[in-house]
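Protein chains in written order, with full-length UniProt numbering: chain Z, 1 to 271; chain G, 1 to 271; chain R, 1 to 271; chain E, 1 to 271.
No residue lacks a Cβ here, since even glycine has one placed at the ideal position from N, Cα and C.
Report on the structure given below.
There are 4 protein chains.
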Amino acid sequence: MGQKIVKVMFIGDVVGNPGLKMVDLLLKNFIKKYSVDFVICNGENAHNGKGMSLESLNQLLEAGVQVVTGGNHTWSNFNFFETLKTHPQVLRPQNYPKGTYGKGYGIYKIPGGLGDIAVINLQGRTFMYPIDCPFRTADWVIKQLKDQVRYIFVDIHAEATAEKIALGWYLDGRVSAVIGTHTHVQTADERILPKGTGYCTDVGMTGPQTSVIGMQIKSAVDRMLYQTPHKYECAEDDVHFSAVVVTFEAEKGKTVAIERIFYPEFDRGMS
Amino acid sequence: MGQKIVKVMFIGDVVGNPGLKMVDLLLKNFIKKYSVDFVICNGENAHNGKGMSLESLNQLLEAGVQVVTGGNHTWSNFNFFETLKTHPQVLRPQNYPKGTYGKGYGIYKIPGGLGDIAVINLQGRTFMYPIDCPFRTADWVIKQLKDQVRYIFVDIHAEATAEKIALGWYLDGRVSAVIGTHTHVQTADERILPKGTGYCTDVGMTGPQTSVIGMQIKSAVDRMLYQTPHKYECAEDDVHFSAVVVTFEAEKGKTVAIERIFYPEFDRGMS
Amino acid sequence: MGQKIVKVMFIGDVVGNPGLKMVDLLLKNFIKKYSVDFVICNGENAHNGKGMSLESLNQLLEAGVQVVTGGNHTWSNFNFFETLKTHPQVLRPQNYPKGTYGKGYGIYKIPGGLGDIAVINLQGRTFMYPIDCPFRTADWVIKQLKDQVRYIFVDIHAEATAEKIALGWYLDGRVSAVIGTHTHVQTADERILPKGTGYCTDVGMTGPQTSVIGMQIKSAVDRMLYQTPHKYECAEDDVHFSAVVVTFEAEKGKTVAIERIFYPEFDRGMS
Amino acid sequence: MGQKIVKVMFIGDVVGNPGLKMVDLLLKNFIKKYSVDFVICNGENAHNGKGMSLESLNQLLEAGVQVVTGGNHTWSNFNFFETLKTHPQVLRPQNYPKGTYGKGYGIYKIPGGLGDIAVINLQGRTFMYPIDCPFRTADWVIKQLKDQVRYIFVDIHAEATAEKIALGWYLDGRVSAVIGTHTHVQTADERILPKGTGYCTDVGMTGPQTSVIGMQIKSAVDRMLYQTPHKYECAEDDVHFSAVVVTFEAEKGKTVAIERIFYPEFDRGMS
Ligand SMILES: [Fe+2]
Ligand SMILES: [Fe+2]
Ligand SMILES: [Fe+2]
Ligand SMILES: [Fe+2]
Ligand SMILES: [Fe+2]
Ligand SMILES: [Fe+2]
Ligand SMILES: [Fe+2]
Ligand SMILES: [Fe+2]
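Following this line, the structure appears as structure tokens:
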């Protein structure tokens with residue numbers, strides 16, 4: 001009798017070399033520990049905190065990641081645009097307008113003969129760019145996928161909690177999981193929605209936490225104090241690993257368990 | 001010998017009557033369970049999801065809350081503005097410009113002779129309104145408070161994670177805790193910063209969770225699908241209680257423990 | 001020998017009763033003075049400064065307007081939504097998503113047997129709402145219109161000058177005119193683009209000029225000083241009429257003349 | 001008997017080398033033609049369209065400009081920040097927070113013994129950055145200037161028409177003129193407000209008009225079509241000169257005449 005579940009790990013925004021090293025260091029252990037079958041990772045900040053590069057993509061793939069999703073920062077490194085066309089393992093949000101480099105969803109084989117999984121990368125618009133509607137784009141992709149896959153994983157890269165939550169309800173029962181990225185802070189609202197879709201507003205960042213969402217503290221504070229440009233420099237210290245593991249049942253592809261990972265834990269004292 | 005610690009509970013954005021009832025129902029038990037000495041609550045959505053009213057303020061005070069903070073929605077109900085002047089238990093963000101109704105910080109007695117605590121309410125500006133600088137306003141208030149209080153609690157009501165985290169670092173070692181509100185989603189990043197300030201990006205909402213941050217799902221999704229106005233209607237179902245409990249040591253007022261509360265827990269299945 | 005030209009007047013955002021009265025008072029004279037064949041008017045602020053009503057629509061039509069365009073404020077009055085469906089003389093921006101009330105373009109007969117004119121209402125997205133792309137929507141509408149009309153008039157309701165100008169260049173040679181609304185200030189850049197499209201960034205407001213874009217000065221200034229809500233009240237004094245007259249040649253529908261009207265003139269002293 | 005008036009020319013956002021050359025070519029003739037006593041120029045886009053440089057500053061000064069104001073793009077060229085400290089002829093918006101490089105107002109001698117003029121550079125916040133309040137900053141500067149100067153000229157660099165107009169009314173009778181910049185499109189609303197302040201929402205750009213506010217058309221359109229970064233490249237063709245000339249009477253410094261200049265005129269055909 002075959003395996004009845006599939007476990008997917010989704011790693012949140014990997015920031016710069018500190019984040020890449022952390023993934024390289026820990027991922028294989030986590031895969032074993034959590035019996036993970038498939039790994040997805042948001043990489044929009046992998047290249048020094050801004051965008052991706054072929055090198056950072058390769059590092060993630062070698063570390064054990066199968067699919068790398070993106071976001072608004074995917075466009076920060078012009079040199080990466082060609083790679084978006086040539087490498088099916090890397091996605092950018094699907095709801096960028098037709099004519100944009102690369103693609104926003106793909107169907108991938110889960111190792112071990114566990115079937116196929118579709119990964120969809122979407123981006124929100126509230127406080128971000130007026131690209132195509134993520135809700136209708138999701139409808140369209142799901143229609144394309146019809147009957148081809150049992151498992152559908154959605155990375156919703158967005159700023160506003162309301163937009164992510166609305167998408168979760170909108171897709172409940174139609175996809176396996178809707179997990180958010182972009183804010184670089186892990187939220188504690190992981191849950192299984194009533195019709196079986198796993199949901200979490202944000203996975204959080206895999207990167208240096210003595211920072212302001214990955215950036216050196218002084219520059220980040222100065223930007224706010226003076227509202228003038230201050231050079232982005234990737235922070236380096238106190239690197240943590242942020243991820244979510246979702247367990248899908250094999251019959252309908254619904255989420256039967258969702259678990260957050262944040263490692264190592266922050267100092268919370270003792271009450 | 002006297003008590004060496006003070007425990008403060010901070011309840012996140014209470015939404016409408018469902019949220020108010022939840023506070024009324026659970027707060028006294030939580031106070032006992034966690035040995036809480038002082039309760040602060042963000043109430044900007046208490047009046048049907050939009051602003052406050054004298055009635056909702058009284059309900060919170062009767063339920064056991066000592067100080068009610070606000071945010072951008074404080075201004076949603078014109079009828080409440082006078083109450084801002086007459087009731088020292090209610091605050092609005094201090095960094096609204098001089099000339100605005102009400103005040104944004106206060107000094108309060110902790111019951112049981114445990115000394116005084118200052119509560120400061122601040123609001124972010126990223127993706128919000130261009131009010132006064134929350135960083136410099138914090139500096140100014142802290143200077144006013146000099147030597148008057150041992151404990152200083154900051155509610156930073158803001159949208160962007162970067163702005164809240166930056167304020168946390170900016171105030172580390174100068175206040176007892178910096179806890180965020182406004183996004184209505186609890187974050188999992190509660191921690192004690194290196195110099196002793198308790199920090200959490202967002203406490204999350206105390207209100208109906210079968211909703212989009214408290215609003216009925218259909219209206220909220222329609223707003224995003226059509227980008228036209230759809231009447232705000234407060235949701236009602238699946239009410240949860242969101243809070244953070246911070247423990248301050250009595251000598252310097254630093255945080256020695258920080259703990260999130262989300263009750264009841266969401267369905268997360270079993271891995 | 002037939003008439004070789006068609007003259008279209010486009011009146012900018014009519015604000016409240018003061019604006020409606022001004023149109024009623026002056027339009028027929030202006031039509032005569034400028035030999036106008038067809039009148040279009042942006043009415044998004046006709047109903048007390050916020051949205052439209054059936055009554056204000058009728059007032060505009062009776063005053064001599066043939067088509068009334070809209071904008072973001074079209075949605076400010078819920079009671080008007082049905083009228084959007086029943087009255088083909090009123091448009092709302094076409095690039096609101098499918099499923100929105102009303103329509104955003106129409107074909108209308110020019111009185112005097114001068115042929116048909118299409119009017120397209122579009123809305124920008126920069127600093128506004130993330131609706132469908134106005135550029136691609138224009139492409140789509142133009143395709144629908146193919147060979148049905150000689151004259152195409154576009155009202156681009158937008159905030160950012162860059163977005164309006166970009167649309168002007170994008171449509172140059174494909175439509176008769178691209179004229180902007182929404183900022184309530186008339187711009188002095190009316191021109192004929194190289195391929196024959198008439199262009200002006202904004203027609204300006206037809207309404208009370210002792211105001212802040214139609215609103216009473218004190219409330220408007222207080223909104224900026226305090227960043228809190230202050231009741232919108234329509235101003236009343238110093239009403240001016242703002243319009244543009246474009247002259248199209250009859251063969252290809254290109255603009256051969258463009259002229260701004262602002263009446264009465266402001267006091268500019270004497271140099 | 002001495003001269004009873006002072007004439008000030010204000011040149012709108014000079015864009016790149018095309019704009020600089022235009023100023024060099026035409027300014028001296030315009031000074032003669034309009035009997036201009038003092039020239040102010042917004043230079044935030046002088047350095048290849050983005051920020052300023054010492055070289056572009058010198059070119060403007062040599063061409064006959066006395067004071068160069070700035071805006072949000074002042075910060076686009078890091079190399080210029082030192083010059084902000086060393087050259088009193090260059091200003092940046094005064095309402096950037098304390099601690100920012102440079103200053104935002106100055107008192108300057110009008111050649112010919114015509115007395116002193118203060119120039120104040122302010123920046124709006126709507127759709128821009130949450131810097132200090134431009135209204136209150138204006139109050140503060142005017143207080144500093146008390147009795148030192150007869151003429152006060154304000155460059156309000158802002159996006160929203162409402163914010164500029166509100167500032168005009170707010171300062172009416174307290175300064176000689178409030179003239180806007182930043183949108184790069186000249187507005188036709190130049191006027192003398194009731195208490196004697198000259199006002200115009202935007203002077204417009206001195207730069208290449210076969211462009212989108214100075215940028216090459218294709219890149220600008222692509223930015224809007226795809227919402228991804230496209231390299232800013234300064235356009236080159238069809239350069240126009242945009243300015244306003246205000247005439248102040250010598251007793252109280254009020255505006256007695258205001259005139260727009262846009263040279264050469266656009267093609268407007270013949271009605
Ligand atoms: Fe990111
Ligand atoms: Fe992002
Ligand atoms: Fe709230
Ligand atoms: Fe809020
Ligand atoms: Fe309008
Ligand atoms: Fe509008
Ligand atoms: Fe500019
Ligand atoms: Fe600017």
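Item, Value
"DSSP three-state label for S83/E, please.", "Just to set this straight, residue 83/E is Thr in the shown sequence, not Ser. Three-state result, T83/E: helix."
"Taking contact to mean 3 or more Cβ pairs, one atom from each stretch, closer than 8 Å, check whether the stretch 87-98 of chain R and the stretch 15-23 of chain R are in contact.", "no"
"Have a look at the DSSP bridge pairing and note the partners of S35/Z.", "According to DSSP, which records beta bridges pairwise, S35/Z is partnered with nothing at all."
"Taking only beta-carbon positions, decide if residue 313/R is within less than 8 Å of chain G.", "Any question about residue 313/R goes unanswered here, given that chain R covers just 1 to 271."
"Is there a Cβ from chain R that is less than 8 Å from the Cβ of R125/Z?", "yes"
"Is the distance from the Cβ of D132/E to the Cβ of P97/E below 8 Å?", "yes"
"Excluding sequence positions up to five away, which residues of its chain have a Cβ less than 6 Å from the Cβ of G253/G?", "R150, Y151, S176"
"Quick one: which residues of the stretch 200-214 of chain E get their C-beta closer than 9 Å to a C-beta of chain R? List them in chain order.", "T201, D202, G204, Q209, T210, S211, V212, I213"
"Alpha carbons only, please: which of A166/R, G180/R, I110/R, K146/R is nearest the one belonging to G71/R?", "G180/R"
"Give the residues of chain C in contact with W169/E, contact being defined as C-beta atoms less than 8 Å apart.", "The chain labelled as chain C is not found among the protein chains of the depicted structure, namely Z, G, R and E."
"Using the beta carbon as the reference atom, which residues fall closer than 6 Å to any heavy atom of ligand 7, ordered along the chain?", "D13/E, E44/E, N45/E, G71/E, H73/E, H182/E, H184/E"
"Taking only the alpha-carbon atoms, compute the straight-line gap between V185/E and V246/R and give it to the nearest angstrom.", "20 Å"
"So G49/Z packs on M215/Z, CB below 8 Å; how close in whole Å?", "7 Å"
"Is the CB of W140/Z under 8 Å away from at least one CB in chain E?", "no"
"Which same chain residues, not among the five before or five after L84/R, have their C-beta less than 7 Å away from its C-beta?", "V90, R92, Y101, G102"
"Assuming I165/G and T201/G are in contact, meaning their beta carbons sit under 8 Å apart, how far apart are those beta carbons, in whole angstroms?", "7 Å"
"Is it the case that the CB of H157/G approaches a heavy atom of ligand 4 more closely than 7 Å?", "yes"
"Given that L225/G touches chain Z, what residues does it touch there, using C-beta distances under 8 Å?", "C133, F135, R136"
"Give me the subset of the stretch 225-244 of chain R whose CB atoms are less than 7 Å from a CB atom of chain E, sorted by chain position.", "L225"
"Short of 7 Å in beta carbon distance, which residues of its chain neighbour V178/G, apart from the five on each side in sequence? Order them along the chain.", "V154, I156, L167, G168, L171, T197, Y199"
"Using a beta-carbon distance below 8 Å, is H184/Z in contact with chain R?", "no"
"Thinking C-beta only, is V6/G closer than 8 Å to L122/G?", "no"
"Is the Cβ-Cβ distance between G43/Z and V203/Z less than 8 Å?", "no"
"Could you list the residues in the stretch 71-99 of chain G with a C-beta less than 8 Å from some C-beta on chain R, going in chain order?", "W75, S76, F78, Y96, P97, G99"
"For G124/G, is the classification buried or exposed, using 16 other Cβ atoms within 10 angstroms of its Cβ as the cut-off for buried?", "buried"
"Where R260/Z and N79/G are concerned, what is the direct C-alpha to C-alpha distance, given to the nearest angstrom?", "43 Å"
"Given this structure, state the Cα-to-Cα distance separating V65/R from V239/R, to the nearest angstrom.", "19 Å"
"When DSSP labels each residue in this structure, what does K109/Z get in the three-state scheme?", "strand"
"Closest Cβ-Cβ distance between P194/E and chain G: below 8 Å?", "no"
"Given that a residue counts as buried once 16 or more other Cβ atoms are within 10 Å of its Cβ, and exposed if not, what is D267/G?", "exposed"
"For P130/R, go through chain Z and note every residue whose CB falls closer than 7 Å to its CB, in chain order.", "R125, P130"
"Is there contact here, the stretch 228-244 of chain Z with the stretch 221-236 of chain G, by at least three beta-carbon pairs under 8 Å?", "no"
"Can you round the beta-carbon distance between I117/Z and Y105/Z to whole angstroms, since I take them to be within the 8 Å contact cut?", "The Cβ separation is near 11 Å, so there is no contact."
"Hey, out of K21/R, P130/R, G269/R, whose CA is closest to L193/E's CA?", "G269/R"
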